[in-house]
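Residue numbers (our numbering), protein chains in the order written: chain V, 3 to 457; chain F, -1 to 332.
Listed below in structure tokens is the structure:
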């Protein structure tokens, strides 16, 4: 890595004692010698293991659940169903007033994705819990499922989630989050060329080294300590408090070093049910995802579809950009309404375009609920935007890097969401990339600056 | 049939912190009797080194070496509230809270030192090595060790401070979408060079040159580890990863690392990282959040390089050999 100190030197105070110094990490020796303690290193006498009975169907009504055989299985201590969960229907962003509550801790009457948790089994050993889970009998009436976002948005599509009433999230702005800036149709009318393209991604797994999980220990005074690898301690505690209808003062969350998060550990999934298990049995409980659960049950990055329509001039200026983004939330909201909204704020990318129209939708389908992942709301949007930029440059016969210089935002430029640009540095990044990659651009672009008066 | 070479570019920006703000973090700082400093948080270290960076920020602010600072975090009984470690917010939000708390603690420390040295606190400075000196008369000094002892056992003072950082929440205007999503943005430009085998559809990323503008590299070695890792993850997203290979079809989802494809050590591209620093107006020492951003530009850069190499556009992720071969076949049928 090289630090290019020549850029923006006038805005920076170098020569500090500790900041800017490559100090060795104080925690590294523990990590590389296996001394660092993770949540799963906690082991308590009498600890129970929790395993989930999961839906084998993408969409089904539950006619009946029979847990009698599972309860008789040797080693089984407790079997939990929806009726055991004090506040079973929840949504995590209710803490910042993004509702409605739309997801069940344990399925109640219906499952909406293959893998959804239906019954929790607590047993003396992991094996006993697994074997007993296989003995739970659930009588399903399979319902039509919808997997494709376009299909889901059509009239008459199977309804994925009754708590929403339609297969998309309802923002205060309506069926999508909107950004309107300038007059996009007038921009298209004056453009020398129009290019409309569709981009698509697939769900992605966070693939942390350490899978999601927690260990809960009763403190003996009606208080519970939850050792967890959540990325957000109080966010998880407060949601657990709502789900369990327990005062927050009864809950103590302890984290520590986490073996990779990437956004995969900001859902509140394992902690509430494990705490409930500990409360109802009076024993420590551990609930840790297997690698298979981490990959197919825990939320992936949402699949997204992005449609971009641009109007571009022969001289390289983009004069209009219309983006319609679709985020596949799967069966429940989790963080996806937030992600789709973040996309609306991000488009049209780091470029100054006078006429912009953005619609972003959060769509429900019968698949594993998606949620946060490194850059969600932006990552796939950037893929779409930057491939589109390449296509536009080639369409007008311009070098793709020079084309970006022409449109790059600079200090003071008004963004589509009506904030003036501050602290821009796109131009300088491109100048340095031009040098590093030996990708020459015209001298006038190398003389540009993100500072307004500089170029 | 041949191995064809191409290169592609992508340029991006990325907001720091939770979209639309409203995501607070608090910090507490106090000294021990012998002049070490405890930072108490409830933020989570995901392995990226948050504790180390908070220690450096506290040390710089108070004026002691980093190894005099201990970070106690991720315990809801002891640590004040933090919204969480996500949205590239950890360093920016918690760092600001730590600075505020450390400034308050530093002020008490200087007041106690002033009493011991019989000068005004405003005439004192720290040497960064654990001593407090009179400005312009450095022979008149006291160690922070002695100041802490005095505060605890003689003067009855608590060398401590409270810190809080909150960007007020912005609510998007319904019809226009007018809003303030973030207060600062990191930037990047990546050039990727690839080879594509037009017989097998296999893509080899030869090298990526990443330029990142991140506000301030608080610890350059840690910045490097995060940016290199992010760059690899971006390439992996572009070419390998998905839990649903035939999305929207739900079948064929991988359930372990034999089925869920990621690049192995031999598949990693030669990776060059160049860092620019344009300090943000409201970041700790100007820092922005590069944690998420650094995995983004490689995806379109690789996609554009594949087009440059073989002349087909793969607009669906991941860019698998199967998709490339189907596109080449369609192109040939053309």
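Cβ atoms here follow ideal geometry from the backbone N, Cα and C, with glycine treated the same way.
{"query": "Measure the alpha-carbon distance for residue 259 of chain V versus residue 357 of chain V and round it to whole angstroms.", "result": "46 angstroms"}
{"query": "Residues in the same chain with beta-carbon distance under 7 angstroms from residue -1 of chain F, minus the five sequence neighbours each way, listed in chain order, please.", "result": "196 and 197"}
{"query": "Tell me the DSSP bridge mates of residue 124 of chain V?", "result": "V:52 and V:80"}
{"query": "Anyone know if the C-beta pair for residue 15 of chain F and residue 419 of chain V falls short of 9 angstroms?", "result": "no"}
{"query": "By alpha-carbon positions, which one of V:4, V:324, V:246 and V:237 ends up nearest to residue 220 of chain F?", "result": "V:4"}
{"query": "Over the uninterrupted beta strand (DSSP E) stretch that includes residue 205 of chain F, give me the two end residues.", "result": "201 to 211"}
{"query": "Using 9 angstroms as the limit for Cβ to Cβ distance, is residue 329 of chain F near chain V?", "result": "no"}
{"query": "Under the three-state reduction of DSSP, which class applies to residue 230 of chain F: helix, strand or coil?", "result": "helix"}
{"query": "Would you say residue 329 of chain V faces chain F, with C-beta separation under 9 angstroms as the test?", "result": "no"}
{"query": "Where in the region 196 to 248 of chain V do unbroken runs of the beta strand (DSSP E), each at least 3 residues long, occur, reported from the N-terminal end onward?", "result": "215 to 220 and 226 to 230"}
{"query": "Expressed to the nearest angstrom, what Euclidean distance is found between the alpha-carbon atoms of residue 318 of chain F and residue 204 of chain V?", "result": "12 angstroms"}
{"query": "Do you know whose CA, among V:244, V:382 and V:145, lies nearest residue 58 of chain V's CA?", "result": "V:145"}
{"query": "Can you grab the Cα-Cα spacing for the pair residue 215 of chain V / residue 263 of chain V, in whole Å?", "result": "12 angstroms"}
{"query": "Does residue 7 of chain V pass the burial test, meaning 16 or more other C-beta atoms within 10 Å, or should it be called exposed?", "result": "exposed"}
{"query": "What in chain F is Cβ-close to residue 19 of chain V, meaning under 8 angstroms?", "result": "57, 58, 61, 63 and 126"}
{"query": "Which of the residues in the region 235 to 249 of chain V, read from start to end, lie with their CB under 8 angstroms from any CB of chain F?", "result": "235, 236, 237 and 239"}
{"query": "Do you know how far the Cα of residue 272 of chain V is from the Cα of residue 69 of chain F?", "result": "27 angstroms"}
{"query": "Measuring alpha carbon to alpha carbon, tell me which of V:380, V:231 and V:352 ends up nearest residue 41 of chain V.", "result": "V:231"}
{"query": "Using the C-alpha atoms, what's the distance from residue 362 of chain V back to residue 18 of chain V?", "result": "44 angstroms"}
{"query": "Measure the alpha-carbon distance for residue 235 of chain F versus residue 47 of chain V and round it to whole angstroms.", "result": "42 angstroms"}
{"query": "Taking C-beta to C-beta, are residue 246 of chain V and residue 102 of chain V nearer than 9 angstroms?", "result": "no"}
{"query": "Below 9 angstroms between beta carbons: does that hold for residue 24 of chain F and residue 160 of chain F?", "result": "yes"}
{"query": "Just the C-alpha distance for residue 26 of chain V and residue 67 of chain F, rounded to the nearest angstrom, thanks.", "result": "14 angstroms"}
{"query": "Whose C-alpha, out of V:78, V:373 and V:415, is nearest the C-alpha of residue 129 of chain V?", "result": "V:78"}
{"query": "Going by other Cβ atoms of all chains shown within 10 Å of its Cβ, with 16 needed for buried, is residue 56 of chain V buried or exposed?", "result": "buried"}
{"query": "Could you check which residue in V:393, V:377, V:192 and V:348 has the C-alpha nearest to that of residue 423 of chain V?", "result": "V:348"}
{"query": "Run the CB neighbour count on residue 201 of chain V, radius 10 Å, all protein chains shown included, and call it buried at 16 or more, exposed below.", "result": "buried"}
{"query": "Taking its Cβ as the centre, do 16 or more other Cβ atoms sit within 10 Å of residue 68 of chain V, making it buried, or is it exposed?", "result": "exposed"}
{"query": "So what's residue 282 of chain F in DSSP terms, helix, strand or just coil?", "result": "helix"}
{"query": "In the DSSP assignment, what are the bridge partners of residue 12 of chain F?", "result": "F:184"}
{"query": "Determine the DSSP secondary structure at residue 195 of chain F, reduced to helix, strand or coil.", "result": "strand"}
{"query": "Can you name the residues of chain V whose CB is closer than 7 angstroms to the CB of residue 19 of chain F?", "result": "Those within 7 angstroms of residue 19 of chain F in chain V number zero; the least Cβ separation is about 11 angstroms."}
{"query": "Based on Cα-Cα distance, which residue from F:191, F:152 and F:290 lies nearest to residue 303 of chain F?", "result": "F:191"}
{"query": "Starting from the beta carbon of residue 298 of chain V, find every residue of chain F whose beta carbon is closer than 7 angstroms, and list them in chain order.", "result": "241, 251 and 253"}
{"query": "Could one say the Cβ of residue 307 of chain F lies closer than 9 angstroms to chain V's Cβ atoms, at least one of them?", "result": "no"}
{"query": "Tell me which same chain residues have a C-beta within less than 6 angstroms of the C-beta of residue 530 of chain V, skipping the five on either side of it?", "result": "Outside the shown range of chain V (3 to 457) lies residue 530 of chain V, about which nothing can therefore be said."}
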